[in-house]
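J.:
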Amino acid sequence: MTNGELLRLGTDALADRGILEAKTDAWILFSCVTGLSRAGYYLHSGEDALPEWQEAYWEKIEMRKRRVPVQQITGEQEFMGLPFSVNENVLIPRQDTEVLVEAVLPMAEGKRVLDLCTGTGCIAISLAVLGTPECCVGTDVSREALRVAEHNNRQLGGGVSLIESDLFERVRGTFDLIVSNPPYIPPAVINGLEEEVREHEPRIALDGGEDGLDFYRRIVAEAGGFLSPGGILAFEIGHDQGGEVERYMEKAGYCPICRRKDYAGHDRVVIGEYGLCRQ
Ligand code: GLN
């Protein structure tokens, strides 16, 4: 079987299973196995596929047929132009979250930064690598997730301090910027999501409690004790959660508060300044 045939058969196998991005997914898995670029592929598409390529490729196609996300099969997702390792213990970094990082990157200059629910570490590590914070701390309640964050931190040279902690539980000191993309999906909504997310991404990284807002309430209630005067609290939010989250922050003394939209035009980020405005 030639390389061209191998790629085509894999694509068909995914399409038969109703996988929408069959062509893209099959190509990603093919290039992951063979190491071939597009140009390399066109050069070698008529040649016989190496037996070890065939074996490894079919193994990955079988995983994808079981709706394992492509990123968990290749073990990687790009975020802010940086390659982050992922596995089944962490949320796969989303493009929406880049809106949050881009919004706070200029605010992190020379500042002490804390990232709660760090997962892969994508927020904390991007801020540390692409920006110039004084220091950057990331926390996660999941030891398995922290292992992934530690790996990414080493690979990307983030220099982030990573702590196993349920939100602020083991955090010490104060920060100028607290940032978080906490789990924010109500369980009822998770059940309606695509199988890739519902069955393969960690529920602990998705489930935000009955109304999806548990983590915002907890973080807003405690963040004041860890923020310097004039410090910033910045969240990623679900598209319909902006009003509620803003209200929690207003009541807790944040002012001014602003929202940012994602590339689809939905509210995605809420940012507030702590305790400087006079009521
Ligand atoms: N902070 C990580 C991310 O944005 C993980 C978020 C989470 O687990 N809810 O991808």
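Under the numbering used here, the letters of the sequence shown match residues 1146 to 1424, in that order. Idealized CB from N, CA, C, for every residue including glycine.
May I ask whether a heavy atom of the ligand GLN can be found less than 8 Å away from the beta carbon of Thr-1284?
T.: no
J.: Once DSSP output is grouped into helix, strand and coil, what is the label at Thr-1263?
T.: coil
J.: Measuring from the CB of Arg-1153, is there a heavy atom of the ligand GLN at a distance below 8 Å?
T.: no
J.: Could you name the residues whose beta carbon sits closer than 6 Å to any heavy atom belonging to the ligand GLN, keeping them in chain order?
T.: Leu-1236, Pro-1238, Thr-1242, Cys-1262, Thr-1263, Gly-1264, Thr-1265, Cys-1267, Ile-1268, Asn-1326, Pro-1327, Pro-1328, Ala-1350
J.: Can the beta-carbon of Cys-1177 be found closer than 9 Å to that of Phe-1224?
T.: no
J.: Could you tell me which of Ala-1397, Ile-1335, His-1384, Glu-1344 sits nearest to Val-1365, measuring between CA atoms?
T.: Ala-1397
J.: Answer with buried or exposed for Gly-1387, where buried requires no fewer than 16 other C-beta atoms within 10 angstroms of its C-beta.
T.: buried
J.: Report yes or no: do three or more beta-carbon pairs, one from the stretch 1251 to 1263 and one from the stretch 1322 to 1340, lie closer than 8 Å?
T.: yes
J.: Among Ile-1308, Glu-1367, Leu-1165, Asp-1352, whose alpha-carbon lies nearest the alpha-carbon of Thr-1284?
T.: Nearest C-alpha to Thr-1284: Ile-1308.
J.: Would you list the residues sitting across from Tyr-1419 in a DSSP beta bridge?
T.: Tyr-1399
J.: Please report the Cβ distance between Ala-1158 and Lys-1210, rounded to the nearest whole angstrom; I am assuming they are in contact, meaning their Cβ atoms lie under 8 Å.
T.: 7 Å
J.: Considering Cα atoms alone, identify which of Ala-1290, Ser-1287, Pro-1251 is closest to Asn-1274.
T.: The sequence given here places Val at residue 1274; Asn does not occur at that position. Residue Pro-1251 is the option with its Cα nearest to Val-1274.
J.: Report, in whole angstroms, the separation of the C-beta atoms of Ala-1253 and Gly-1276, which I expect to be a contact under 8 Å.
T.: Between Gly-1276 and Ala-1253 the Cβ distance is about 5 Å, and since that is below 8 Å, they are a contact.
J.: Starting from the C-beta of His-1319, find all residues in its chain whose C-beta is less than 8 Å away, skip the five residues before and the five after it, and write them out in chain order.
T.: A quick correction: the sequence has Thr, not His, at residue 1319. Cβ neighbours of Thr-1319 beyond the five flanking positions: Arg-1257, Phe-1371, Leu-1372, Ser-1373, Gly-1376.
J.: Please state if the CB of Ile-1349 and the CB of Phe-1380 are separated by a distance shorter than 9 Å.
T.: Going by C-beta atoms, Phe-1380 is not nearer than 9 Å to Ile-1349.
J.: Answer with buried or exposed for Pro-1278, where buried requires no fewer than 16 other C-beta atoms within 10 angstroms of its C-beta.
T.: buried
J.: Have a look at the DSSP bridge pairing and note the partners of Leu-1307.
T.: Gly-1283
J.: Would you identify the three-state DSSP class for Arg-1348, choosing helix, strand or coil?
T.: helix
J.: Once DSSP output is grouped into helix, strand and coil, what is the label at Thr-1242?
T.: helix
J.: Since Ala-1201 sits in a beta bridge, which residues does DSSP pair it with?
T.: In DSSP, Ala-1201 forms no bridge with anything.
J.: Should the stretch 1167 to 1184 be called in touch with the stretch 1212 to 1224, which here means at least 3 C-beta pairs below 8 Å?
T.: Three or more Cβ pairs closer than 8 Å define a contact, and the stretch 1167 to 1184 meets that threshold against the stretch 1212 to 1224.
J.: Between Ile-1330, Trp-1198, Pro-1238, which lies nearest to Leu-1152 when the distance is taken from Cα to Cα?
T.: Trp-1198
J.: Is the beta carbon of Val-1246 closer than 9 Å to that of Leu-1272?
T.: yes
J.: With a Cβ-Cβ cutoff of 9 Å, do Arg-1362 and Tyr-1393 count as a contact?
T.: yes
J.: What does a CB cutoff of less than 6 Å around Asp-1311 pick up in its chain, not counting 5 residues either side in sequence?
T.: Val-1286
J.: Which residue marks the beginning of the alpha helix (DSSP H) containing Ile-1425, and which one marks its end?
T.: Outside the displayed range of the chain (1146 to 1424) lies residue 1425, so it cannot be described from this structure.
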